[in-house]
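So our numbering is basically just the index in the sequence shown, starting at one, shifted up by 279.
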Amino acid sequence: MAKIRDIFGGEVHLFHVLNEAQAPAASFPSAFCTGGQLHPILPEILRAWQAHTVDSFEVSFVISATRIPKEMFDYEGNKSSRHRWTSNTGGFDQSTQRRYIESFLPPSIMRARHRFTSGPVTMLLLNGFLPADPILDDYFCNFASIQPCDSDTDMYWITSVLKTVSDGRFTTMDFSLLALHSSIKENIRTVLFRYLMTDNHPPPFGHDGIEMVTNGFGRFIGAETNQVRVDEPLILVGAANWLLGCSKGDDPPSYTYYSILQRDPPNGETLAKCVAYYLTLLTKKRPLREISSFPADSCPKWANQNARLVTLHATPTGVDIFSRNFTTLATVTDSMAETVSWLQHEKPTPFCLPRTSSPDLIFILRLENGDLIWVFLRVAVTKDSYLNESVLKSMLLGLQDDNLLGEEANQQLRDNAKDALKGLPNLSSHLGRFGVLRVIASFPGHPRIGRLPTARRSHAASLNMGLFGTIHQSIPAIDMVNTLAASRKYDSDDGEQRKKAKRPRSHAPEPKKIVTRSTTKKR
Numbered sequence: 280m281a282k283i284r285d286i287f288g289g290e291v292h293l294f295h296v297l298n299e300a301q302a303p304a305a306s307f308p309s310a311f312c313t314g315g316q317l318h319p320i321l322p323e324i325l326r327a328w329q330a331h332t333v334d335s336f337e338v339s340f341v342i343s344a345t346r347i348p349k350e351m352f353d354y355e356g357n358k359s360s361r362h363r364w365t366s367n368t369g370g371f372d373q374s375t376q377r378r379y380i381e382s383f384l385p386p387s388i389m390r391a392r393h394r395f396t397s398g399p400v401t402m403l404l405l406n407g408f409l410p411a412d413p414i415l416d417d418y419f420c421n422f423a424s425i426q427p428c429d430s431d432t433d434m435y436w437i438t439s440v441l442k443t444v445s446d447g448r449f450t451t452m453d454f455s456l457l458a459l460h461s462s463i464k465e466n467i468r469t470v471l472f473r474y475l476m477t478d479n480h481p482p483p484f485g486h487d488g489i490e491m492v493t494n495g496f497g498r499f500i501g502a503e504t505n506q507v508r509v510d511e512p513l514i515l516v517g518a519a520n521w522l523l524g525c526s527k528g529d530d531p532p533s534y535t536y537y538s539i540l541q542r543d544p545p546n547g548e549t550l551a552k553c554v555a556y557y558l559t560l561l562t563k564k565r566p567l568r569e570i571s572s573f574p575a576d577s578c579p580k581w582a583n584q585n586a587r588l589v590t591l592h593a594t595p596t597g598v599d600i601f602s603r604n605f606t607t608l609a610t611v612t613d614s615m616a617e618t619v620s621w622l623q624h625e626k627p628t629p630f631c632l633p634r635t636s637s638p639d640l641i642f643i644l645r646l647e648n649g650d651l652i653w654v655f656l657r658v659a660v661t662k663d664s665y666l667n668e669s670v671l672k673s674m675l676l677g678l679q680d681d682n683l684l685g686e687e688a689n690q691q692l693r694d695n696a697k698d699a700l701k702g703l704p705n706l707s708s709h710l711g712r713f714g715v716l717r718v719i720a721s722f723p724g725h726p727r728i729g730r731l732p733t734a735r736r737s738h739a740a741s742l743n744m745g746l747f748g749t750i751h752q753s754i755p756a757i758d759m760v761n762t763l764a765a766s767r768k769y770d771s772d773d774g775e776q777r778k779k780a781k782r783p784r785s786h787a788p789e790p791k792k793i794v795t796r797s798t799t800k801k802r
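#1: For a quick check, are the C-beta atoms of Phe-573 and Trp-521 less than 7 Å apart?
#2: Please confirm whether Ile-266 and Glu-490 have their CB atoms less than 7 Å apart.
#3: Could you please give me the residues that DSSP links to Cys-631 through a beta bridge?
#4: Where DSSP assigns a beta bridge to Leu-651, which residues make up the other side?
#5: In three-state terms, what does DSSP make of Pro-566?
#6: Here's the rule: buried if 16 or more other CB atoms are within 10 angstroms of the residue's CB, otherwise exposed. What is Cys-631?
#7: Judging by CA-CA distance, which residue of Glu-323, Ala-593, Gly-597 and Glu-503 is the nearest neighbour of Arg-346?
#8: How is Ser-669 classed by DSSP in three states: helix, strand or coil?
#9: If Ser-571 and Val-718 are in contact, beta carbons under 8 Å, what's the gap, nearest whole angstrom?
#10: Leaving out five residues on either side along the sequence, give the residues of the same chain with a beta carbon under 6 Å from the beta carbon of Ser-309.
#11: Do Ser-343 and Ile-320 have their C-beta atoms within less than 7 Å of each other?
#12: Provide the residue(s) that pair with Val-250 in DSSP beta bridges, ordered along the chain.
#13: Could you give the C-beta distance for Thr-549 and Leu-608, rounded to a whole number, given that I count them as a contact under 8 Å?
#14: State the Cα-Cα distance for the pair Trp-364 and Gln-506, rounded to the nearest angstrom.
#15: Please go through the same chain and pick out, in chain order, the residues whose beta-carbon is closer than 6 Å to the beta-carbon of Gly-724, but skip the five residues on each side of it.
#16: Taking only three categories from DSSP, how would you classify Asn-695?
#17: Assign Gly-677 to one of three DSSP states: helix, strand, or coil.
#18: Tell me whether Gly-517 is buried or exposed, calling it buried when 16 or more other Cβ atoms sit within 10 Å of its Cβ.
#19: The alpha helix (DSSP H) with Asn-421 in it runs from where to where?
#20: Please name the residue, chosen from Asn-689, Glu-668 and Leu-588, that lies closest to Ser-614 on a Cα-to-Cα basis.
#21: Return yes when the Cβ of Thr-610 is within less than 7 Å of the Cβ of Pro-633, no when it is not.
#22: Does the beta-carbon of Gly-649 have 16 or more other beta-carbons within 10 angstroms, so that it is buried, or is it exposed?
#23: Classify Tyr-418 as buried or exposed, calling it buried when 16 or more other Cβ atoms lie within 10 Å of its own Cβ.
#24: Please check the pair Arg-568 and Cys-578, which I expect to be a contact at CB under 8 Å, by giving their CB distance rounded to whole angstroms.
#25: Taking only the alpha-carbon atoms, compute the straight-line gap between Pro-482 and Arg-508 and give it to the nearest angstrom.
#26: Could you tell me the distance, in whole angstroms, from the CA atom of Glu-299 to the CA atom of Leu-671?
#27: Give the straight-line distance between the Cα atoms of Thr-313 and Met-452, rounded to the nearest whole angstrom.
#28: How far does the beta strand (DSSP E) with Thr-618 in it extend, from its first residue to its last?
#29: Do Val-715 and Phe-642 count as a contact pair if the criterion is CB distance below 7 Å?
#30: Give the secondary structure of Val-715 by DSSP, where H, G and I count as helix, E and B as strand, and everything else as coil.
#31: For Pro-704, count neighbouring C-beta atoms within 10 Å of its own C-beta (all shown protein chains included) and say buried if the count is 16 or more, exposed if not.
#32: With DSSP as the reference, identify every bridge partner of Cys-312, one or two as the case may be.
#33: What would DSSP say about Ala-720, mapped onto helix, strand or coil?
#34: Between which two residues does the alpha helix (DSSP H) containing Ser-462 stretch?
#35: Put Val-589 into one of helix, strand or coil per three-state DSSP.
Below you can see the structure in the form of structure tokens.
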């Protein structure tokens with residue numbers, strides 16, 4: 280420190296930076312004792328630094344970590360008045376940082392960028408600020424194993440002189456960490472399907488998400504560092520590539536998405552999103568009995584009709600019915616009132632994912648004769664070959680129309696829900712007064728509805744997972760990654776409405792629009 284002071288002079292303010300300080304904060308927690316209090320290595324490191332500083336020589340210590348207890352900085356000799364607690368994960372979120380980077384790059388490059396800004400900047404510096412688009416395309420390709428197409432520059436010329444990530448000058452994200460952290464992997468998969476299905480951010484994680492920041496997948500939001508969000512586009516696409524077996528390597532596997540589900544079944548909430556994604560792949564009309572399997576001795580004749588997924592939209596003059604290329608696939612409802620609003624067609628998406636109601640998934644099918652039916656679907660992940668019979672009975676009971684909103688719903692919400700169910704235009708008369716078909720989707724084990732008593736299996740069926748397996752055998756998993764990349768939403772920084780890309784047509788019903796006016800008024 281004395282030599283440094285002599286070189287720079289006493290007026291220079293120096294910064295000592297300790298990165299990844301969560302390691303010494305947790306190592307050997309009882310190795311040292313100060314004032315009768317046991318503590319790990321980190322406070323001793325700070326003491327050693329302070330001992331080598333001179334009062335007239337200004338030095339600030341920057342301790343960068345993801346999980347350090349605040350009380351660790353309150354030991355004797357380092358009272359809290361001497362330190363400032365802050366949260367910053369290295370992103371260009373602050374206005375001064377944004378202005379700096381935007382002096383070199385187009386403002387749009389900062390769209391949805393929070394972390395992983397040093398890599399692109401390094402690439403630009405290494406390549407002398409050649410046309411930025413091909414440089415960034417190359418970086419994103421090496422980082423996330425996906426080929427952008429923003430550049431109009433002759434790529435043959437540019438790649439001949441481009442210093443790439445593969446030169447080993449710096450590293451990118453190691454997505455194989457997901458194999459070591461099952462909780463992070465499941466959280467990432469949940470986030471991916473939320474973005475794939477809806478047009479809004481998943482809710483932030485709490486303290487249980489800190490490990491995602493530590494391992495580079497998430498970022499803190501808020502000054503108290505008590506919430507974690509996973510929304511970096513590079514991370515989402517790169518993680519999807521790795522999870523689906525599409526990332527680059529010596530021998531990349533050619534998985535289909537269905538085979539990956541069989542290898543690593545998701546949890547129930549994610550499986551519901553998988554089922555919704557499956558249903559959008561039914562690009563042609565199919566008999567309902569092929570989509571849902573009915574008991575062999577009680578398959579209704581009307582189930583022989585072709586069925587198609589539709590979405591309804593309430594307007595001042597009635598209800599519009601569409602069968603088309605769905606941009607936003609699902610509405611996630613966090614309250615019973617929001618679920619009722621979707622039932623009243625105020626949120627025009629083909630699927631509802633209610634988090635406070637018995638069904639895991641609600642949607643509407645249009646039969647060949649024009650009748651519409653409600654589908655209440657429950658999912659189950661089972662390790663056995665067949666779904667337990669008592670569990671199956673309980674799931675079907677929860678899908679009764681009287682149990683739709685659960686016990687906590689007030690009477691007004693119940694009445695509104697029943698009115699919405701009965702008010703569906705062209706409601707089928709084959710499924711009782713509310714036109715509800717109860718469907719069970721279990722994976723990988725099968726639900727044996729045919730073994731239940733007739734009364735318990737009334738208006739019930741199981742989702743034909745074998746059909747979706749057949750469909751997916753011809754669809755490479757990389758197609759889903761491309762769909763995710765195309766559907767990635769971002770928050771505009773200038774207050775404009777969130778924008779979204781159109782989904783690839785191959786992943787949605789054929790874009791034929793059907794409009795029907797109903798006499799049912801908007802509630």
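We treat Cβ as the ideally placed atom computed from N, Cα and C, and that holds for glycine.
Straight from the coordinates:
#1: Taking the sequence shown and counting its residues from 1, the one referred to as residue 573 is at position 294. Taking the sequence shown and counting its residues from 1, the one referred to as residue 521 is at position 242. Contact flag unset, no.
#2: This structure cannot settle anything about residue 266, because the visible part of the chain is limited to 280 through 802.
#3: On the sequence shown, residue 631 is found 352 positions in, with the first residue counted as 1. Partner(s): Thr-610 and Ile-641.
#4: Translated into positions along the sequence shown, residue 651 becomes position 372. The partner list for Leu-651 (beta bridge, DSSP) reads Arg-645 and Leu-706.
#5: Here residue 566 refers to the residue found at position 287 when the sequence shown is read from its first residue. If DSSP states are grouped into helix, strand and coil, Pro-566 belongs with the strands.
#6: Sequence index remark: in the sequence shown, residue 631 carries index 352 (1-based). So Cys-631 ends up on the buried side.
#7: In the sequence shown, the residue the question calls residue 346 occupies position 67. The residue with the shortest Cα to Cα distance from Arg-346 is Glu-503.
#8: By 1-based counting over the sequence shown, the position of residue 669 is 390. Residue state, collapsed to three classes: helix.
#9: For the purposes of this step, residue 571 is taken as residue 292 along the sequence shown, with counting starting at 1. For the purposes of this step, residue 718 is taken as residue 439 along the sequence shown, with counting starting at 1. Right, the Cβ-Cβ distance comes to about 6 Å (below 8 Å), so this counts as a contact.
#10: Working through the sequence shown from its first residue, we reach residue 309 at position 30. So the list reads Leu-317, once near-sequence residues are dropped.
#11: Taking the first residue of the sequence shown as 1, we reach residue 343 at position 64. Taking the first residue of the sequence shown as 1, we reach residue 320 at position 41. Going by C-beta atoms, Ser-343 is not nearer than 7 Å to Ile-320.
#12: Given a span of 280 to 802 for the chain in the structure shown, any question on residue 250 remains unanswerable.
#13: Looking up residue 549 in the sequence shown gives position 270. Looking up residue 608 in the sequence shown gives position 329. 14 Å between Cβ atoms; not a contact.
#14: Counting from one through the sequence shown, the residue named residue 364 turns up at place 85. Counting from one through the sequence shown, the residue named residue 506 turns up at place 227. Those two C-alpha atoms are separated by around 15 Å.
#15: What you label residue 724 is simply residue 445 of the sequence shown in a count that begins at 1. Cβ within range, chain order: Thr-661, Asp-663, Ser-664, Tyr-665 and Leu-666.
#16: Indexing the sequence shown from 1 puts residue 695 at position 416. Helix.
#17: Taking the first residue of the sequence shown as position 1, residue 677 is located at position 398. Helix at Gly-677.
#18: Start at 1 with the first residue of the sequence shown, and residue 517 comes out as number 238. Answer is buried; the Cβ neighbour count reaches 16.
#19: Locating residue 421 in the sequence shown gives position 142, counting from the first residue. Looking at the DSSP string, the run of the alpha helix (DSSP H) that includes Asn-421 is 411 to 423.
#20: On the sequence shown, position 335 is the one that residue 614 refers to. When each option's Cα is compared against that of Ser-614, the closest is Asn-689.
#21: In the sequence shown, residue 633 corresponds to position 354, counting from 1. In the sequence shown, residue 610 corresponds to position 331, counting from 1. Contact flag unset, no.
#22: By one-based count along the sequence shown, residue 649 stands at place 370. Exposed: under 16 other Cβ atoms inside 10 Å.
#23: In the sequence shown, the residue the question calls residue 418 occupies position 139. So Tyr-418 ends up on the buried side.
#24: Position 289 of the sequence shown holds residue 568. Position 299 of the sequence shown holds residue 578. The Cβ separation is near 6 Å, so the contact holds.
#25: One-based indexing of the sequence shown puts residue 482 at position 203. One-based indexing of the sequence shown puts residue 508 at position 229. About 8 Å.
#26: As a position in the sequence shown, residue 299 is number 20, starting the count at 1. As a position in the sequence shown, residue 671 is number 392, starting the count at 1. Each residue's Cα considered, the two are about 48 Å apart.
#27: Sequence index remark: in the sequence shown, residue 313 carries index 34 (1-based). Sequence index remark: in the sequence shown, residue 452 carries index 173 (1-based). Taking the straight line joining both Cα atoms gives about 39 Å.
#28: Position 339 of the sequence shown, counted from the first residue, corresponds to residue 618. Run containing Thr-618: none in the beta strand (DSSP E); it sits in the alpha helix (DSSP H), 615 to 622.
#29: On the sequence shown, residue 642 is found 363 positions in, with the first residue counted as 1. On the sequence shown, residue 715 is found 436 positions in, with the first residue counted as 1. Not in contact: Phe-642 and Val-715 (Cβ atoms no closer than 7 Å).
#30: Locating residue 715 in the sequence shown gives position 436, counting from the first residue. Of the three classes helix, strand and coil, the one that applies to Val-715 here is strand, per DSSP.
#31: By 1-based counting over the sequence shown, the position of residue 704 is 425. Per the 10 Å Cβ criterion, buried.
#32: Looking up residue 312 in the sequence shown gives position 33. For Cys-312, which the question treats as bridged, DSSP gives the partners Leu-317.
#33: For this step, residue 720 is matched to residue 441 along the sequence shown. Strand.
#34: The residue labelled residue 462 in the question sits at position 183 within the sequence shown. Here the alpha helix (DSSP H) through Ser-462 covers 461 to 476.
#35: On the sequence shown, residue 589 is found 310 positions in, with the first residue counted as 1. Three-state result, Val-589: strand.
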